[in-house]
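In terms of UniProt numbering, the sequence shown has 202 at position 202, counting the first letter as 1, and numbering is strictly consecutive.
No residue lacks a Cβ here, since even glycine has one placed at the ideal position from N, Cα and C.
The structure presented is a predicted model; accordingly, all values stated were derived computationally and were not measured.
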Amino acid sequence: MRPPLTAPSEDSDIPAFWQSLGLPGLIDVHTHFMPENVLRKVRAYFDRFAEAGLSWSARYRSDESDRLGLLRSFGVRRFTALLYPHRPGMAEWLNGWGAEFAARTPDALRTATFYAEPSAARYVKEALASGTRVFKAHVQVGGYDPRDPLLEPVWGMLAEAGVPVVVHCGSGPEPGGHTGPEIFSQVLTRHPRLVPIIAHMGMPEYEEFLALAERFPGAYLDTTMTFTEFTDKVRPWPSSLTPRLADLGDRILLGTDFPNIPYAYAEQLAALVRLDLGDDWLRAVCHDNAARLFAVPPPSGEGA
1 MRPPLTAPSE DSDIPAFWQS LGLPGLIDVH THFMPENVLR KVRAYFDRFA EAGLSWSARY
61 RSDESDRLGL LRSFGVRRFT ALLYPHRPGM AEWLNGWGAE FAARTPDALR TATFYAEPSA
121 ARYVKEALAS GTRVFKAHVQ VGGYDPRDPL LEPVWGMLAE AGVPVVVHCG SGPEPGGHTG
181 PEIFSQVLTR HPRLVPIIAH MGMPEYEEFL ALAERFPGAY LDTTMTFTEF TDKVRPWPSS
241 LTPRLADLGD RILLGTDFPN IPYAYAEQLA ALVRLDLGDD WLRAVCHDNA ARLFAVPPPS
301 GEGA
């Protein structure tokens, strides 16, 4: 008999959480592994960033091997290494690092990225041909327009291949020149077969991005930082929208932003439990939806 479901209050409780759901573990579609010099700059940004008096200093600051060990101790079976450039000429280098990371980290979904630049179509085509499983597009950090003609062949290739792309196109934590639901909806209108995973549930334009996912059946949303006590102090989730999460239960994916979060990993899971949408919904969001999307085999087939 399974133990009763309880929300994890600390990281050591996480295995008991997914075991009580009858899951083989968790799949996290929004985690960050990147070259150490890049990660230091990302941490420095969050160390300086504060909103409403809240510190966003990253909690998990150990070296890469320790961070991998933590995810595995939590029971995370698959995870991403989301990378993103902030200037031209950076994405291809990051993709090379991502390929090397995936080669030595078999439980990581091979991740790549792109920028609005003339070489984007070439290196995205190469990344797809070499086995990339997921891409990251960070519209706010990159500062590019996702409708840029240089990206038309990129979106087209991703749509044709059916390879998901985690897209940070909401206006949180700070708006960018090309963030917001209206702009990215134009990309999806041109490429309706695209499989975007909208990061952070589209924070703070939650309702608009929910509507986008309802309109485009290939669109997913990830839970990253949403519903947590930290985020609810600055970008609160409207409780009136929660019933719509049940209707989209097959297209919501667990994401956390590990390691760049200012609270324990367990808080993201506890926040999902607090939504009170039932065990079936939790099983789908924490594992089964992503397992289906990324064709992750059951535990007996791991390593096959």
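Q | Nearest residue (CA-CA) to serine 12, options Pro35, Leu70, Phe33 | A | Counting from 1 along the sequence shown, the entry for residue 12 is found at position 12. Ranking the options by Cα distance to serine 12, first place goes to Leu70.
Q) Cβ atoms of leucine 188 and arginine 244: under 8 angstroms apart, would you say? A) Taking the sequence shown and counting its residues from 1, one reaches residue 244 at position 244. Taking the sequence shown and counting its residues from 1, one reaches residue 188 at position 188. Taking 8 angstroms as the Cβ cut-off, arginine 244 and leucine 188 do not qualify as a contacting pair.
Q | Cβ-based neighbour list, leucine 212, same chain, cut-off 8 angstroms, excluding 5 preceding and 5 following | A | Counting from 1 along the sequence shown, the entry for residue 212 is found at position 212. Taken in chain order, the residues that qualify are Pro181, Phe184, Ser185, Leu188, Ile198, Gly202, Ala219.
Q: Return the bridge partner residues of alanine 108 from the DSSP annotation.
A: Taking the sequence shown and counting its residues from 1, the one referred to as residue 108 is at position 108. In the DSSP output, where bridge partners are listed per residue, alanine 108 has Phe79.
Q.
Classify threonine 242: buried if its beta carbon has 16 or more other beta carbons within 10 angstroms, exposed otherwise.
A. One-based indexing of the sequence shown puts residue 242 at position 242. Result: exposed.
Q: Leaving out five residues on either side along the sequence, give the residues of the same chain with a beta carbon under 8 angstroms from the beta carbon of proline 204.
A: The count along the sequence shown starts at 1 and reaches residue 204 at position 204. Excluding residues within five positions, the ones whose Cβ falls inside 8 angstroms are Gly170, Ser171, Gly172, Arg235.
(Q) I need the DSSP call for histidine 287, collapsed to helix, strand or coil. (A) On the sequence shown, position 287 is the one that residue 287 refers to. Three-state result, histidine 287: helix.
Q: Check each candidate in Asp28, Leu277, Ala58 and name the one with the smallest Cα separation from alanine 264.
A: Residue 264 sits at position 264 when you count from the first residue of the sequence shown. Taking only the C-alpha atoms, the option nearest alanine 264 is Ala58.
Q.
For residue 318, report the span of its alpha helix (DSSP H) as first-last.
A. Only positions 1 to 304 of the chain appear in this structure, which leaves residue 318 out of reach.
**Q.** Where the beta strand (DSSP E) through lysine 233 begins and ends
**A.** In the sequence shown, counting from the first residue as 1, residue 233 sits at position 233. Lysine 233 -> no beta strand (DSSP E), and no H or E assigned at all.
Q.
Need the endpoints of the beta strand (DSSP E) that leucine 26 sits in, please.
A. By 1-based counting over the sequence shown, the position of residue 26 is 26. Here the beta strand (DSSP E) through leucine 26 covers 26-28.
Q | Three-way DSSP call (helix, strand, coil) for glutamate 92 in this model | A | As a first step, residue 92 is located in the sequence shown; it is residue number 92 there, counting from the start. Helix.
(Q) If contacts are defined as beta-carbon pairs under 8 angstroms, then isoleucine 27 and leucine 254 qualify, I think. What distance do you get, rounded to the angstrom? (A) Looking up residue 27 in the sequence shown gives position 27. Looking up residue 254 in the sequence shown gives position 254. Their Cβ separation, rounded to whole angstroms, is 6 angstroms, which keeps isoleucine 27 and leucine 254 in contact under 8 angstroms.
Q: In the DSSP assignment, find the alpha helix (DSSP H) that holds residue 326 and state where it starts and stops.
A: This structure gives no information on residue 326, because the portion of the chain shown stretches from 1 to 304.
Q: Please report the Cβ distance between tyrosine 123 and alanine 91, rounded to the nearest whole angstrom; I am assuming they are in contact, meaning their Cβ atoms lie under 8 angstroms.
A: Numbered from its first residue, the sequence shown carries residue 123 at position 123. Numbered from its first residue, the sequence shown carries residue 91 at position 91. 7 angstroms between Cβ atoms; contact.
Q: Look at the alpha carbon of glycine 303 and the alpha carbon of serine 65, and state the distance between them as a whole number of angstroms.
A: The sequence position of residue 303 within the sequence shown is 303, counting from 1. The sequence position of residue 65 within the sequence shown is 65, counting from 1. In this prediction, glycine 303 has a pLDDT of 47, which is less than 50 and means its spatial position is unreliable; what the coordinates show is noted afterwards. Cα to Cα, glycine 303 sits roughly 20 angstroms from serine 65.
Q: Taking valine 166 as part of the beta strand (DSSP E), name the residues at either end of that continuous run.
A: Taking the sequence shown and counting its residues from 1, one reaches residue 166 at position 166. Note, valine 166: beta strand (DSSP E), 165-168.
Q: Could you please give the first and the last residue of the uninterrupted beta strand (DSSP E) stretch that includes alanine 137?
A: Position 137 of the sequence shown, counting from 1, holds the residue named residue 137. Here the beta strand (DSSP E) through alanine 137 covers 134-138.
**Q.** Beta-ladder partner(s) of proline 196, from DSSP
**A.** Along the sequence shown, read from residue 1 onward, the residue named residue 196 stands at position 196. DSSP lists Val165 as partners of proline 196.
Q: List the whole-angstrom C-beta distance separating arginine 78 from phenylalanine 294, where the pair is believed to meet the contact cut-off of C-beta under 8 angstroms.
A: Here residue 78 is taken as the residue at index 78 of the sequence shown, counted from 1. Here residue 294 is taken as the residue at index 294 of the sequence shown, counted from 1. About 7 angstroms; that satisfies the 8 angstroms criterion.
Q.
With the cut-off set at 8 angstroms, would you say tyrosine 206 and proline 238 are in Cβ contact?
A. Working through the sequence shown from its first residue, we reach residue 206 at position 206. Working through the sequence shown from its first residue, we reach residue 238 at position 238. Yes.
Q: With aspartate 66 as the anchor, note down where its alpha helix (DSSP H) starts and where it stops.
A: In the sequence shown, counting from the first residue as 1, residue 66 sits at position 66. Aspartate 66 -> alpha helix (DSSP H) spans 64-74.
Q: Answer yes or no: do proline 262 and tryptophan 56 have a C-beta to C-beta separation smaller than 8 angstroms?
A: Indexing the sequence shown from 1 puts residue 262 at position 262. Indexing the sequence shown from 1 puts residue 56 at position 56. Closer than 8 angstroms, so yes.
Q | DSSP bridge partner residues for threonine 226 (one or two, in chain order) | A | The residue given as residue 226 occupies position 226 in the sequence shown. Looking at the DSSP assignment, threonine 226 forms no beta bridge with any residue, so it has no partner.
Q: Assuming proline 146 contacts histidine 178 (C-beta within less than 8 angstroms), just tell me the rounded distance between them.
A: Reading the sequence shown from its first residue, position 146 is the one you call residue 146. Reading the sequence shown from its first residue, position 178 is the one you call residue 178. Correct: roughly 6 angstroms between the Cβ atoms.
Q) Does the region 79-90 come within contact of the region 21-36, defined as at least 3 CB pairs closer than 8 angstroms? A) yes
Q.
Between which residues of its own chain and glycine 142 is the CB-CB distance below 8 angstroms, once the five residues before and five after are set aside?
A. Here the question's residue 142 lines up with position 142 in the sequence shown. Counting only Cβ-Cβ distances below 8 angstroms, and skipping sequence neighbours, we find Tyr84, Pro85, His86, Tyr115, Ala116.
(Q) Just to confirm the assignment, what range does the alpha helix (DSSP H) spanning valine 296 have? (A) Mapped onto the sequence shown, residue 296 falls at position 296. Per DSSP, valine 296 belongs to no alpha helix (DSSP H) and is neither H nor E.
Q: Just confirm the distance between the C-beta atoms of arginine 283 and leucine 23, as a whole number of angstroms; I'd bet it's less than 8 angstroms.
A: Numbered from 1 along the sequence shown, position 283 holds the residue referred to as residue 283. Numbered from 1 along the sequence shown, position 23 holds the residue referred to as residue 23. With 8 angstroms as the limit, arginine 283 and leucine 23 qualify as a contact, their Cβ atoms being about 6 angstroms apart.
Q.
Buried or exposed, going by whether 16 or more other CB atoms sit within 10 Å of the CB of alanine 108?
A. Position 108 of the sequence shown, counted from the start, is the residue given in the question as residue 108. By the neighbour-count rule (16 or more Cβ atoms within 10 Å), alanine 108 is buried.
Q. Taking aspartate 231 as the reference, which of Ser20, Ala50, Pro3, Leu21 has the closest Cα?
A. Reading the sequence shown from its first residue, position 231 is the one you call residue 231. Just to set this straight, residue 231 is threonine in the shown sequence, not aspartate. Ranking the options by Cα distance to threonine 231, first place goes to Ala50.
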